[in-house]
Amino acid sequence: MKLPLILVNFKCYKEATGKNALKLAKICEKVARSYEINIAIAPQFIDLYLAQKVKVPVFAQHVDGIEYGAFTGHVSPLALKEIGVKGSLINHSEKKLPLKEIKECLEIMKKYKLISVVCADSLIRGKEIAKFAPEFIAYEDPFLIGSGQAISRVKPYSVKNFVENIRKINPKINVLCGAGITSGEDVKKALELGTKGVLVASGVVKAKNPRKVLEDFANSI
27 MKLPLILVNF
37 KCYKEATGKN
47 ALKLAKICEK
57 VARSYEINIA
67 IAPQFIDLYL
77 AQKVKVPVFA
87 QHVDGIEYGA
97 FTGHVSPLAL
107 KEIGVKGSLI
117 NHSEKKLPLK
127 EIKECLEIMK
137 KYKLISVVCA
147 DSLIRGKEIA
157 KFAPEFIAYE
167 DPFLIGSGQA
177 ISRVKPYSVK
187 NFVENIRKIN
197 PKINVLCGAG
207 ITSGEDVKKA
217 LELGTKGVLV
227 ASGVVKAKNP
237 RKVLEDFANS
247 I
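For the sequence shown, the numbering used here begins at 27 and goes up steadily by one.
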């Protein structure tokens with residue numbers, strides 16, 4: 027996957043649900059094409075059909091470590107792959123999983139060549155996850171999520187330390203950072219600290235002008 031990566035988590039925001047999800051996905055697609063950068067999106071499950079409507083990579087917000095079978099209410103990696111989804115977030119602070127389940131998810135996702143973006147809220151958790159060799163680990167401070175205070179500027183040492191420690195365990199893992207990212211300067215700082223991109227949500231989704239915010243991000247890369 028082309029780096030750096032801007033991954034926009036739609037969460038369950040009204041501004042990114044249904045018709046609004048398609049509208050925002052198209053904005054992401056236009057900015058990605060115009061600036062020749064990689065913007066991916068993570069819409070709600072009901073809106074994952076967007077994988078067939080836009081040319082930016084589409085990720086699920088969660089996945090379960092299952093294949094086919096009697097798993098009512100679960101999300102199968104195989105089902106995601108069938109509709110063109112490229113991968114999934116795992117262990118977001120709003121959808122945490124035990125370490126054992128994270129490992130199970132990653133094993134199946136690797137089997138079917140789906141890209142994993144595993145979230146970690148601490149260096150300790152990040153190190154544990156790194157042993158499973160996901161493609162991406164996204165470092166997010168849960169106290170800064172939605173705060174407008176960028177982790178890359180409020181806690182630069184923590185971000186840099188996280189990146190360095192993950193690289194020692196597995197240099198092939200790409201580290202993203204998230205929480206409070208709202209401007210191009212936030213993205214620029216994140217990249218300077220050694221990350222390979224950012225995981226963003228309300229800073230784009232709930233912005234008065236999402237395209238303008240994304241263009242600001244793009245100009246910082």
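Each residue gets a CB set at the ideal place from its N, CA and C atoms; glycine is no exception.
The alpha carbon of Gln70 has as its nearest neighbour, out of Asn46, Ile53, Cys54, Glu55, the alpha carbon of Asn46. Look at the beta carbons and you see the region 81-96 touching the region 115-127: at least three pairs across the two are nearer than 8 Å. Residues of the same chain with a CB within less than 6 Å of the CB of Val213, apart from the 5 flanking positions on each side, are Val224, Phe243, Ser246 in chain order. A Cβ-Cβ separation of about 7 Å places Ile65 in contact with Leu240 under the 8 Å criterion.
Rounded to the nearest whole angstrom, the CA to CA distance from Phe169 to Lys136 is 31 Å. Nearest to Ile141 by alpha-carbon distance, out of Lys81, Ile163, Ile53, Gly172, is Ile163. Here DSSP, grouped into helix, strand and coil, assigns Ala146 to strand. Bridge partners of Tyr165 according to DSSP: Ala146, Cys203. One alpha carbon belongs to Ala105, the other to Ala51, and they sit about 21 Å apart.
When rounded, the separation of the alpha-carbon atoms in Lys81 and Lys186 is 32 Å. Proximity of the region 226-239 to the region 188-201 falls short of the contact definition, fewer than three beta-carbon pairs being nearer than 8 Å. In this chain, the beta strand (DSSP E) harbouring Leu225 covers 223-226. According to the DSSP assignment, Asn187 belongs to the alpha helix (DSSP H) that extends over 182-195. Ranked by how close their Cα comes to the Cα of Ile177, the residues Lys37, Thr221, Ile128, Glu130 have Thr221 in first place.
With distances taken between CA atoms, Gly152 lies nearest to Tyr165 out of Tyr165, Thr98, Glu161. Of the candidates Leu219, Ala159, Gly110, the residue whose Cα lies closest to the Cα of Phe188 is Leu219. As the crow flies, the alpha-carbon of Val34 is around 9 Å from that of Cys54.
Between Ile72 and Thr98, the alpha-carbon positions lie close to 16 Å from each other. Taking the Cα of Lys126 as reference, the smallest distance to any Cα among Glu211, Gly113, Phe158, Arg193 is reached at Phe158. Gly206 and Ser173 do touch by the CB rule: their CB atoms are close to 5 Å apart, below 8 Å. Pro182 and Gly210 have their C-alpha atoms some 16 Å from each other.
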